[in-house]
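J.:
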Amino acid sequence: MQVKDAMNPKVIVANDDISVKEAARLMAKFKIGSLVIIEEGKGDIIGVITESDIVRKVVATGLDSSQTLVEQTMTKEVITVDEDIDLGEACQIMVENKIKRLPVLEDGELVGILTTTDVMAVEPKLIEELAKVMLFSEKQMIAG
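See below:
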């Protein structure tokens with residue numbers, strides 16, 4: 000099974016000049032845990048912001064979410080995968096990098112997002128591997 004068979008093709012994107020508060024509103028509106036951040040006018044991926052980023056980098060530090068820009072909070076080194084790679088390989092990338100989401104590309108263009116939830120829905124045998132990522136993330140949140 001390939002990544003394209005499990006990914007969600009509906010990716011919500013934003014520019015890096017919006018506030019963290021606006022990013023959180025978008026996540027709540029679309030019931031998602033992250034936004035892919037693109038360069039305005041070009042569409043190139045320049046970052047990802049997650050619920051965890053907002054909690055750890057803004058809320059926990061006392062920053063004002065309406066005055067803090069996504070650019071200041073997002074993860075800038077984004078790991079992506081090609082839609083044609085094997086789902087198990089994408090899962091391994093998630094485990095090795097301790098991440099729960101991967102933007103998916105086709106010929107360098109954003110075509111979807113793959114999450115641990117997407118993988119578990121179509122490949123239950125990979126749950127054990129993905130549990131490592133999810134447990135790490137949970138421990139990281141507790142540790143602060």
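Here the sequence shown is numbered in numbering that gives the first Met the number 0, starting from 0 and rising by one per residue. Beta carbons: idealized from backbone N, C-alpha and C, even for Gly. Small disclaimer: the values here were computed from a predicted structure and weren't measured.
Can you find at least 3 beta carbon pairs, one from the region 57–71 and one from the region 101–114, that sit closer than 8 Å?
T.: The region 57–71 is not in contact with the region 101–114.
J.: Thinking C-alpha only, which one of E122, E76, V110 is nearest I98?
T.: With distances taken between Cα atoms, I98 lies closest to E76.
J.: So I37 and N14 are supposed to be a Cβ contact under 8 Å. How far apart are they, rounded?
T.: Right, the Cβ-Cβ distance comes to about 7 Å (below 8 Å), so this counts as a contact.
J.: Give the C-beta separation of V80 and D4 to the nearest angstrom, bearing in mind that I take them to be a contact with Cβ-Cβ under 8 Å.
T.: Not really, about 13 Å apart at Cβ, beyond 8 Å.
J.: In terms of residues, what are the limits of the alpha helix (DSSP H) holding I53?
T.: Element bounds for I53: 50–53.
J.: State the CB to CB distance for the pair L109 and V118, rounded to an integer number of angstroms; the pair is presumed to be in contact (CB under 8 Å).
T.: Not really, about 19 Å apart at Cβ, beyond 8 Å.
J.: Going by C-alpha distance, which of V47, P123, I11, S18 is nearest T67?
T.: Out of V47, P123, I11, S18, S18 has the C-alpha closest to the C-alpha of T67.
J.: Using the beta-carbon count (16 or more within 10 Å), is E105 buried or exposed?
T.: Exposed.
J.: DSSP state of L101, grouped into three classes?
T.: Three-state DSSP puts L101 in a strand.
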